[in-house]
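Protein sequence lines, in the order shown, are assigned to chains A and B.
Residue numbers for the first sequence follow this note's numbering, so the first one is 2 and each next one is one higher.
Residue numbers for the second sequence follow this note's numbering, so the first one is 177 and each next one is one higher.
C-beta atoms are modelled at their ideal positions from N, C-alpha and C, and glycine is treated no differently.
Predicted model, so just to flag it, every value in this text is computed and none were measured.
Step one of this worksheet: look at the structure below.
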Amino acid sequence: MDFTFFLIQALNGVQYGLLLFLIASGLTLIFGIMHVINLAHGAFYMVGAYLVWSLTGVFDSFVVAILAGIVCAAALGWVIERFLVIHLYNRDHLDQVLLTYGLILVLNEVQRMMFGSDVHGVAVPSMVAASIPLTDTLSYPVYRLVLAGVCLALAFAMYWIIQRTRLGMWIRAGAANREMTASLGIDIRRLNALVFAAGTALAAFAGMIAAPLSSVYPGMGDNVIIISFVVVVIGGIGSVKGAFLGALAIGLTDTFGRVLLPEMSSVMVYALMAAVLLWKPNGLFARA
Amino acid sequence: MTPAAPLTASTAWQAPSRFALLLLALAAVLAFYPLYGEALFPGQHDYFLQKLTAIMILAMLAMSLDLLVGIGGMVSLGHAAFFGLGGYALALFGPEYEAANLWTTLPMTLGAVGLAALVIGALSIRTGGIYFIMITLAFGQMFYYVFNDADFAGGSDGTYIYVRPAVEVFGLKLVDLGDAVTFFYVVFAAMMGTYVFLRVLLASPFGKVLRGIGINPQRVRGVGYNPDAYKLVAFVIGAMLAGLAGYLSAAQFGFVNPSMMSWHHSGTVLVMVILGGLGTLHGAILGAFALEILHAVIEARTEHWLLVLGGLIIVMVLTLPKGIAGLLERLTSPRANRARTGHEDRGES
């Protein structure tokens, strides 16, 4: 394997990992703060992809479609939190699993009713449609680099919000102790709605920017949700830092696994998780 | 979380409750189906017979998962791996074009599944809560991909079992599993046998410790039991019962493929158990029948059956904290108790 090839694979792995981080960070925040296992998080990824596909048809601009899509997705998350998830806070985790499983069925079917079962493509925006030539035969698409850059910027923004702002302080306090935070006068119900809406928007945004690479198809969220849970668990539930490192580890393992050991690639991701959990039963960065 | 009422009722030999009578009546309706099915559903009888047999096998699988989830507090999302392993064991241990001998292949199957469960269980039980869900998912997916990508078992296409296993004593055919009605009754007996076996197990000291572990492992440890040993035994028993269900399923359809092991299948069975009512065993059976029959009925009416099914599941979670078994128990309980039971429901949810 020569260096250029290795570089391309490493870039692909990092970029896939960063995309996974966007989904997994919402999942880990929702679990860490609201103590809700949200199986429907992958469906939000699918919703995002379909939103951007249909909205590019309306606005004729990828960026405007994404902005409008984020608003729609956040609104959807807010409505779902207000009407469904709010009933789950004091219920058993298994009830949450069951309800959000039902939600997956509903969202998947609504998608099929509105958009049909065809696979759709979203064009890479012309501004970043070029490729950087690396050798005579190999080149790297600019869009993938832009995507990685946007994900990294979002990761830094999240870090800044959570560690440096008052809102982030509330979020961390809510994750550490709900009742105590509420008794200090912080409106934990609004915080819940906000975190759920933000998590939904993040997952949907991941679906939107992934759409030009992966195309848009029914059930695309079902594969994503399991791998995102793998990321969350490797990193330690509730830890955004853990989700970031877990996502990169899974992205690189999956990408290099496909290249080096194609017949074993699918097993490797799960073997990695099993190994991490056997070493650290609560993930890499679990809170004590 | 786990109602202890059915257990104490069965050990104290009180007069059977109305709920127990209802369950018996439902079992009788099912048991006599081959007798009246032809008259009630002409033309569709054979299909229904096959469907009911398949649902009973799923009910066995659901009960075996309830032992882990509802009783032992171990939420497994890899349980279907043992179901699939049982099916593959029949395909791989039996001869290709002749009937496999049930007396040799079934013990070999249960042994193989038990061994796999012993290793996976010993590793998984070190973790708890959602981490246990994820590590069982990981092991389940590893099995799925090994069978999906490997050559020895037909890869993703799966493999066929051309002849159903033979049940013979000294060359004499005892029962003909090839006959649909006979097979229905064999599966019915296996399902009721599993139920009775698990009831007896739960009434034993082992079962009581296990139930205690499901509610509060620290206290059980404090009393002097080792929770991990009990959980491991329960994990292996549950896996072997799932393997038995997989063996029967492979025998019924004459076909195994990796999707028997996928996390989708594990998830569907988990939904059956939660929907039916956790930790009750009969809830697992009710959940399996409810989900599969709802599925079939809605699918026949509308193309968008997933929408209706998903909506129904959401409504059931919001309105039935103890699942279908809890609802039926409340509806059949005498009027005087009903208010009290309802109050308890709210208190615990």
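Listed by chain order, chain B residues near A/F230 by CB distance under 7 Å: Position 229 of the first sequence, counted from the first residue, corresponds to residue 230 of chain A. Residues of chain B passing the Cβ test: M310.
Which residues in the same chain have their Cβ closer than 8 Å to the Cβ of B/I337, if we skip the five residues on either side of it in sequence? Residue mapping note: residue 337 of chain B aligns to position 161 of the second sequence, counting from 1. So the list reads L266, A267, G270, A276, A426, A427, G430, F431, V432, once near-sequence residues are dropped.
Alpha carbon to alpha carbon, how far is A/G33 from A/E82? Give it in angstroms, no decimals. Within the first sequence, the letter at position 81 stands for residue 82 of chain A. Within the first sequence, the letter at position 32 stands for residue 33 of chain A. Near 16 Å, if we compare the C-alpha coordinates of A/G33 and A/E82.
Please list, in chain order, all residues of the same chain as B/M368 whose beta carbon is under 8 Å from its beta carbon, the five residues on each side excluded. The sequence position of residue 368 of chain B within the second sequence is 192, counting from 1. Counting only Cβ-Cβ distances below 8 Å, and skipping sequence neighbours, we find A203.
Rounded straight-line distance, which links the Cα of B/I490 to that of B/A256: For the purposes of this step, residue 256 of chain B is taken as the residue at position 80 of the second sequence. For the purposes of this step, residue 490 of chain B is taken as the residue at position 314 of the second sequence. So the two alpha carbons sit approximately 24 Å from each other.
If I'm right that B/A472 touches B/K227 with Cβ under 8 Å, what's the distance once you round it to whole angstroms? Within the second sequence, residue 472 of chain B is the residue found at index 296, counting from 1. Within the second sequence, residue 227 of chain B is the residue found at index 51, counting from 1. Their Cβ separation, rounded to whole angstroms, is 7 Å, which keeps B/A472 and B/K227 in contact under 8 Å.
Kindly indicate if chain B contains any beta-carbon less than 7 Å away from that of A/A88. Along the first sequence, read from residue 1 onward, the residue named residue 88 of chain A stands at position 87. Residue identity differs from the one stated: residue 88 of chain A is His in this sequence, not Ala. Output row for A/H88: interface = yes.
Alpha carbon to alpha carbon, how far is A/L262 from A/T254? As a first step, residue 262 of chain A must be located in the first sequence, where it is residue number 261. As a first step, residue 254 of chain A must be located in the first sequence, where it is residue number 253. Those two C-alpha atoms are separated by around 11 Å.
Closest residue to A/I238 among A/I133, A/H36, A/M181, A/V15 (Cα-Cα distance): Here residue 238 of chain A refers to the residue found at position 237 when the first sequence is read from its first residue. That would be A/H36, whose Cα lies nearest to the Cα of A/I238.
Can you list, in chain order, the stretches of the alpha helix (DSSP H) that have 4 or more residues and sit fully within the segment 347-418 of chain B? 356-379, 381-391, 393-399
What runs of the alpha helix (DSSP H), each 4 residues or longer, lie entirely inside the segment 58-116 of chain A? 63-84, 94-116
Check each candidate in A/A202, A/Q10, A/A44, A/G27 and name the one with the smallest Cα separation from A/Y305. Nothing about residue 305 of chain A can be reported from this structure: the residues present for chain A run from 2 to 289 only.
Buried or exposed: which applies to B/F319, given that a residue is buried once 16 or more other Cβ atoms fall within 10 Å of its Cβ? On the second sequence, residue 319 of chain B is found 143 positions in, with the first residue counted as 1. Buried, by the Cβ-count rule.
As assigned by DSSP and simplified to three states, the class of B/Y320: Here the question's residue 320 of chain B lines up with position 144 in the second sequence. Reduced to three states, the DSSP call for B/Y320 is helix.
In this structure, does DSSP put A/A272 in helix, strand or coil? The count along the first sequence starts at 1 and reaches residue 272 of chain A at position 271. Judged by DSSP in its simplified three-state form, A/A272 adopts helix.
Is the separation between the beta-carbon of A/A154 and that of A/L19 shorter than 7 Å? Along the first sequence, read from residue 1 onward, the residue named residue 154 of chain A stands at position 153. Along the first sequence, read from residue 1 onward, the residue named residue 19 of chain A stands at position 18. In this structure, A/L19 does not lie closer than 7 Å to A/A154 by Cβ.
Where does B/T335 sit, in a helix, a strand or coil, going by DSSP? Within the second sequence, the letter at position 159 stands for residue 335 of chain B. Secondary structure at B/T335: strand, using DSSP grouped into helix, strand and coil.
Would you kindly check if the distance between the Cβ of B/K498 and the Cβ of B/D453 is under 7 Å? Indexing the second sequence from 1 puts residue 453 of chain B at position 277. Indexing the second sequence from 1 puts residue 498 of chain B at position 322. A quick correction: the sequence has Gly, not Asp, at residue 453 of chain B. With respect to the 7 Å criterion, B/G453 and B/K498 are classified as neighbours on the basis of their beta carbons.
Spatial neighbours of A/Q112 in its chain, beta-carbon cut-off 7 Å, leaving aside the 5 residues before and after: Translated into positions along the first sequence, residue 112 of chain A becomes position 111. Answer for A/Q112: M47, Y51, P219, listed in chain order.
When the cut-off is 7 Å and only beta carbons count, does B/P179 lie next to chain A? On the second sequence, residue 179 of chain B is found 3 positions in, with the first residue counted as 1. Because B/P179 sits at a pLDDT of 48, beneath the cut-off of 50, its placement in the model cannot be relied upon, and the point is left open.
Residues of chain B with CB closer than 7 Å to the CB of A/Y46, please, in chain order. Sequence index remark: in the first sequence, residue 46 of chain A carries index 45 (1-based). In chain order: nothing, as chain B lies at least about 17 Å away.
Interface residues of the segment 482-513 of chain B facing chain A [CB-CB below 9 Å]: L482, L483, V484, L485, G486, G487, L488, I489, I490, V491, M492, V493, L494, P497
Which residues DSSP lists as bridging A/P134, in chain order: Stepping through the first sequence from its first residue, residue 134 of chain A is reached at position 133. Looking at the DSSP assignment, A/P134 forms a beta bridge with A/S140.
Reducing DSSP to helix, strand and coil, say where A/N193 ends up. As a first step, residue 193 of chain A must be located in the first sequence, where it is residue number 192. In the three-state scheme derived from DSSP, where H, G and I count as helix and E and B as strand, A/N193 is classed as helix.
Nearest to A/Y90 by alpha carbon, out of A/A205, A/I189, A/V125, A/W280? Against the first sequence, residue 90 of chain A aligns to sequence position 89. Of A/A205, A/I189, A/V125, A/W280, the residue nearest in Cα terms is A/I189.
Residue of B/G297, B/G263, B/M232, B/F364 minimising C-alpha distance to B/P341: Taking the second sequence and counting its residues from 1, the one referred to as residue 341 of chain B is at position 165. The shortest Cα separation from B/P341 among B/G297, B/G263, B/M232, B/F364 belongs to B/G263.
How should A/A158 be labelled, buried or exposed, when 16 other C-beta atoms within 10 angstroms of its C-beta is the threshold for buried? Start at 1 with the first residue of the first sequence, and residue 158 of chain A comes out as number 157. Exposed, because fewer than 16 other Cβ atoms sit within 10 Å of the Cβ of A/A158.
With DSSP run on the structure shown, which of helix, strand or coil describes B/A460? By one-based count along the second sequence, residue 460 of chain B stands at place 284. Per DSSP, reduced to three states, the secondary structure at B/A460 is helical.
Answer with buried or exposed for A/R167, where buried requires no fewer than 16 other C-beta atoms within 10 angstroms of its C-beta. Locating residue 167 of chain A in the first sequence gives position 166, where the first residue counts as 1. Exposed is the call here.
Pop quiz: A/L203 and A/G27 are said to be a contact at Cβ under 8 Å. What is the actual Cβ separation, rounded to whole angstroms? Position 202 of the first sequence, counted from the start, is the residue given in the question as residue 203 of chain A. Position 26 of the first sequence, counted from the start, is the residue given in the question as residue 27 of chain A. Confirmed, about 4 Å.
Show which residues of chain B have a CB atom less than 7 Å away from the CB atom of A/Y271. Numbered from 1 along the first sequence, position 270 holds the residue referred to as residue 271 of chain A. Residues of chain B passing the Cβ test: A314, Q317, M318.
With a threshold of 7 Å between beta-carbons, can A/M274 be considered close to chain B, or not? Sequence index remark: in the first sequence, residue 274 of chain A carries index 273 (1-based). Yes, A/M274 counts as interfacial toward chain B.
Of the residues A/I105, A/P213, A/V196, A/F63, the one placed nearest A/I227, counting alpha carbons only: To locate residue 227 of chain A, count along the first sequence from 1; it is residue 226. Out of A/I105, A/P213, A/V196, A/F63, A/I105 has the C-alpha closest to the C-alpha of A/I227.
Residues sharing a beta bridge with A/V53, DSSP: By one-based count along the first sequence, residue 53 of chain A stands at place 52. Bridge partners of A/V53: none, in fact.
Under 8 Å Cβ-Cβ, which residues of chain D neighbour B/V445? Among the protein chains of the structure shown, namely A and B, there is no chain D.
Pair within 7 Å by beta-carbon distance, B/V447 and A/Y102: In the second sequence, counting from the first residue as 1, residue 447 of chain B sits at position 271. In the first sequence, counting from the first residue as 1, residue 102 of chain A sits at position 101. Taking 7 Å as the Cβ cut-off, B/V447 and A/Y102 qualify as a contacting pair.
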